[in-house]
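Number of protein chains: 2
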Amino acid sequence: MFDFEITARDARARAGVFSTPHGNLLTPIFAPVGTQATVKTLTPSQLSELGASLVLSNTYHLYLRPGDDLVAELGGLHRFMRWPHPMLTDSGGFQVFSLAKTRQVDDEGVTFKSHIDGSSHRFTPERSIRIQENLGADIIMAFDECSDPNDHEYSKTAMLRTHRWAERCIKAKRRADQVLFGIVQGGIDPDLRTDSAQFISSLNTIGIAIGGLSVGETKDEMHKMLDVVCPILPESKPRYLMGVGTPEDLIDGVARGIDIFDCVLPTRLARHHAAFSPEGRLNLMNASFARDERPIDAYCDCYTCRTFTRAYIRHLIVAKELLAGTLLSIHNLRALIRLMNEIRTAVTDGSFHDKRSKMLLQWDNNAVRTG
Amino acid sequence: MFDFEITARDARARAGVFSTPHGNLLTPIFAPVGTQATVKTLTPSQLSELGASLVLSNTYHLYLRPGDDLVAELGGLHRFMRWPHPMLTDSGGFQVFSLAKTRQVDDEGVTFKSHIDGSSHRFTPERSIRIQENLGADIIMAFDECSDPNDHEYSKTAMLRTHRWAERCIKAKRRADQVLFGIVQGGIDPDLRTDSAQFISSLNTIGIAIGGLSVGETKDEMHKMLDVVCPILPESKPRYLMGVGTPEDLIDGVARGIDIFDCVLPTRLARHHAAFSPEGRLNLMNASFARDERPIDAYCDCYTCRTFTRAYIRHLIVAKELLAGTLLSIHNLRALIRLMNEIRTAVTDGSFHDKRSKMLLQWDNNAVRTG
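Quick look at the structure:
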């Protein structure tokens, strides 16, 4: 039910097909983030039209609101948000450590206060899996502890706990129509990352995620960690780099052997009036666009670029019209999905290694990290 | 270029075809409002899909932002907002009197302060027409003065000024690809309304609008005014009841001989979590919908009702997701357009008079006025 077949290689880059109960994913792939069971401002129909296939949703958020029991009662996440294609949920770990008001970690799990109303909650590996089974995404994640990359001692403690929790998640998992990914942690220490990659690879999971990157370390540090981790991971398992990234990150990540990416960047930038473009990241609120009759990107095939001028989008932003966010989200998501399609084609025809620096050159104006 | 042909009658109700340079309008018709060159939260593609044909936009708002000169420079409103179907602009009169911070009326025109930044501006009948020619809608409105319906003296003064301004608008108008509608005023006084209907009918305009209703008077008072005005208006001209209405208003208006309606109600209700339904106006934020797997309206053919449950829409509202507003706007607009299609069919096959009370019964739960 969850076969992963590598169909082409280009140096360390891979193209493949990952089959799930809700359809095949052509890898490498970029997944839009639908935090609260909606990719912000977009209908599923708009998402399909822009070529999205895998959508990520957040366990922490859905557990708090509307509640995973309610989602299960209403037939699961696919049915609830009417997304008929593959879905992925994270474990809640990252949000508990980054978003919740206070948290108390022990070896059993984490007690935290909701960022919404301050109410007290507890996640354990078993609870995270149970919630993710209620949500019913095709791909689910082991419960992990994400550390400050610059705190070596804590990175080690968190990594070891992540390993023990991964084993408990595997034991806790029941549904056959879901696959669990273990998560490699270890901060920015090559030795810890090596240990973690070896340990997580030794587990019986269908896929492997790399967590704890793009959380404050430098781009060089992230690349070094990928260079340490990826060669250790079994070739046969899909590899998911969590919460990454920019256009540049996708190019660099695929080059290092990553198959799956997700990031809130395209929709978050849209809310801040920014668009990916070959000229660099544009802030469409800028007065220089007031009379600009060009689309955001003349080469883009998205609905926004096929239809509207920069001048119109700027007007919507200045007039505080919500349609601006919708149009920019459509473009930014399509830009990354289109880039990923180009990358996949290049990997498949063996030209990725040659085209990579040209692609990076084309996209490096857009590469500002947003952590 | 602007023929109006009445194709069927049922008592005082009429069905017709009003041709414009951007396509034929099948009347009676309901026009969604796109105040700032966008029907809030919806793409033109979503608007087309829900069956909208005529869209109204506001001269006052577009004059202030982004400026009518800029819209003209970018090819006019149709091109600017990418709405290829017929459009209508109001004259700015209503907003100047209801929205601007301060205003000073004289026989020449109105000086007012922008509600956005307090800057000073002046509209005259000639200026309103020039702005509307810059915007380039198919149907444009004479500059009028909208009075407090309960102030008889002011209603008379404003009506007389509206008449003089209508004549000046006719003189000022230059573009052959636009039609001008005169506006009947007169508050809630039958004599004033009679005078105004006679005067405006005597002018050489293609269509006639009825203004100054749904601005604080009772429903009975509005009906009385329509009963006074409509029989005076020439049969051959399309009649537009401005800023109205609720589902009930559409039924009552068509029954009195109105052909064109517009109202912000469907999109405004959407922003306040409310939906038209056969059960009455629903507030989808209500906890009772948390587990409700039904669509808003099982008989509705809109994208929202074909796709989503009330439970999901409630979740979006509670989670403050903007998609809620989009989905409710789609439904509410489609509900009125569908109702209008039903009315038109009934008028055409001669059953409207019989069906009217049943239609009213079906919709009177939704009839709360928002004036």
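Residue numbers (my numbering), protein chains in the order written: chain A, 3 to 373; chain B, 3 to 373. By construction, the Cβ of each residue, glycine as well, lies at the ideal position given by its N, Cα and C atoms.
Pull the bridge partners of residue i from the DSSP assignment, please.
{"i": "His123 of chain A", "result": "A:Phe114"}
{"i": "Tyr242 of chain A", "result": "A:Ala211 and A:Ile262"}
{"i": "Leu182 of chain B", "result": "B:Ile142"}
{"i": "Ala276 of chain A", "result": "A:Asn285"}
{"i": "Pro34 of chain B", "result": "B:Cys265"}
Do we get a CB-CB distance below 7 Å when we pair residue i with the residues of chain A?
{"i": "Thr309 of chain B", "result": "yes"}
{"i": "His87 of chain B", "result": "no"}
{"i": "Leu76 of chain B", "result": "yes"}
{"i": "Asn60 of chain B", "result": "no"}
{"i": "Tyr314 of chain B", "result": "yes"}
{"i": "Ala1 of chain B", "result": "Here chain B covers residues 3 to 373 and nothing more, so residue 1 of chain B does not appear."}
{"i": "His333 of chain B", "result": "no"}
{"i": "His80 of chain B", "result": "no"}
{"i": "His123 of chain B", "result": "no"}
{"i": "His24 of chain B", "result": "no"}
{"i": "His275 of chain B", "result": "no"}
So residue i contacts chain C; which residues on that side make the cut at Cβ distance below 8 Å?
{"i": "Leu325 of chain B", "result": "In summary, chain C is missing from the structure at hand, where the protein chains are A and B."}
Locate the alpha helix (DSSP H) running through residue i, then write down its first and last residues.
{"i": "Gly78 of chain B", "result": "Neither: Gly78 of chain B is in no alpha helix (DSSP H) and is coded neither H nor E."}
{"i": "Thr91 of chain B", "result": "Per DSSP, Thr91 of chain B belongs to no alpha helix (DSSP H); it is in the beta strand (DSSP E), Met89 to Thr91."}
{"i": "Gly25 of chain B", "result": "From DSSP, Gly25 of chain B is part of no alpha helix (DSSP H) but of the beta strand (DSSP E) over Gly25 to Thr29."}
{"i": "Met227 of chain A", "result": "Lys221 to Val231"}
{"i": "His317 of chain A", "result": "Arg312 to Val320"}
{"i": "Tyr305 of chain A", "result": "Tyr305 to Thr309"}
{"i": "Thr347 of chain B", "result": "Leu325 to Thr350"}
{"i": "Gln48 of chain A", "result": "Pro46 to Glu51"}
{"i": "Leu255 of chain B", "result": "In the sequence as presented, Leu is not what sits at residue 255 of chain B; that position holds Gly. From DSSP, the alpha helix (DSSP H) with Gly255 of chain B extends over Pro249 to Ala257."}
{"i": "Val98 of chain B", "result": "Gly95 to Ser100"}
At a Cβ threshold of 7 Å, is residue i touching chain B?
{"i": "His117 of chain A", "result": "no"}
{"i": "Arg84 of chain A", "result": "yes"}
{"i": "Arg346 of chain A", "result": "no"}
{"i": "Ala33 of chain A", "result": "no"}
{"i": "Pro68 of chain A", "result": "yes"}
{"i": "Arg371 of chain A", "result": "Any reading at Arg371 of chain A needs caution, since the residue's pLDDT is 42, under 50, leaving its predicted position unreliable; the model's value is listed next. By this cut-off, Arg371 of chain A is not an interface position."}
{"i": "Arg358 of chain A", "result": "no"}
{"i": "His317 of chain A", "result": "yes"}
Between the beta-carbon of residue i and the beta-carbon of residue j, is there less than 7 Å?
{"i": "Pro268 of chain A", "j": "Asn334 of chain A", "result": "yes"}
{"i": "Ser216 of chain B", "j": "Val246 of chain B", "result": "yes"}
{"i": "Phe291 of chain B", "j": "Arg258 of chain B", "result": "no"}
{"i": "Thr22 of chain A", "j": "Asp140 of chain A", "result": "yes"}
{"i": "Gly120 of chain A", "j": "Gly78 of chain A", "result": "no"}
{"i": "His154 of chain B", "j": "Asp191 of chain B", "result": "yes"}
{"i": "His275 of chain A", "j": "Ala13 of chain A", "result": "no"}
{"i": "Ile142 of chain A", "j": "Gln180 of chain A", "result": "yes"}
{"i": "Leu286 of chain B", "j": "Ala277 of chain B", "result": "yes"}
{"i": "Phe20 of chain A", "j": "Ser93 of chain A", "result": "no"}
{"i": "Ser203 of chain A", "j": "Pro236 of chain A", "result": "yes"}
{"i": "Ile118 of chain A", "j": "Leu66 of chain A", "result": "yes"}
{"i": "Met83 of chain B", "j": "Ala39 of chain B", "result": "yes"}
{"i": "Gly184 of chain B", "j": "Ser157 of chain B", "result": "no"}
{"i": "Arg340 of chain B", "j": "Pro30 of chain B", "result": "no"}
{"i": "Val41 of chain A", "j": "Leu49 of chain A", "result": "yes"}
Taking the beta strand (DSSP E) that residue i belongs to, which residues open and close that run?
{"i": "Leu215 of chain B", "result": "Unbroken run through Leu215 of chain B: none, as it is neither H nor E."}
{"i": "Thr9 of chain A", "result": "Phe6 to Asp12"}
{"i": "Asn288 of chain B", "result": "Careful: Asn288 of chain B lies outside any beta strand (DSSP E) and carries neither H nor E."}
{"i": "Ile190 of chain B", "result": "Element bounds for Ile190 of chain B: n/a, residue is neither H nor E."}
{"i": "Gln364 of chain A", "result": "No beta strand (DSSP E) contains Gln364 of chain A, which is instead part of the alpha helix (DSSP H) from Phe354 to Trp365."}
{"i": "Val19 of chain A", "result": "Ala15 to Thr22"}
{"i": "Arg105 of chain A", "result": "Arg105 to Val107"}
{"i": "Leu58 of chain B", "result": "Val57 to Ser59"}
{"i": "Met161 of chain B", "result": "Not the beta strand (DSSP E): Met161 of chain B falls in the alpha helix (DSSP H), residues His154 to Ala174."}
{"i": "Ile141 of chain B", "result": "Ile141 to Met143"}
Counting pairs of Cβ atoms below 8 Å between the stretch 210-226 of chain B and the stretch 186-197 of chain B, do you hit three or more?
Flag = yes, the stretch 210-226 of chain B and the stretch 186-197 of chain B touch.
Report yes or no: do three or more beta-carbon pairs, one from the stretch 199-213 of chain B and one from the stretch 266-283 of chain B, lie closer than 8 Å?
No, the stretch 199-213 of chain B does not touch the stretch 266-283 of chain B.
If you pair each beta-carbon of the stretch 173-191 of chain B with each one of the stretch 127-136 of chain B, do three or more pairs fall below 8 Å?
yes
Can you confirm whether the stretch 76-96 of chain A touches the stretch 53-65 of chain A when touching is taken to mean that 3 or more C-beta pairs between the two stretches lie within less than 8 Å?
yes
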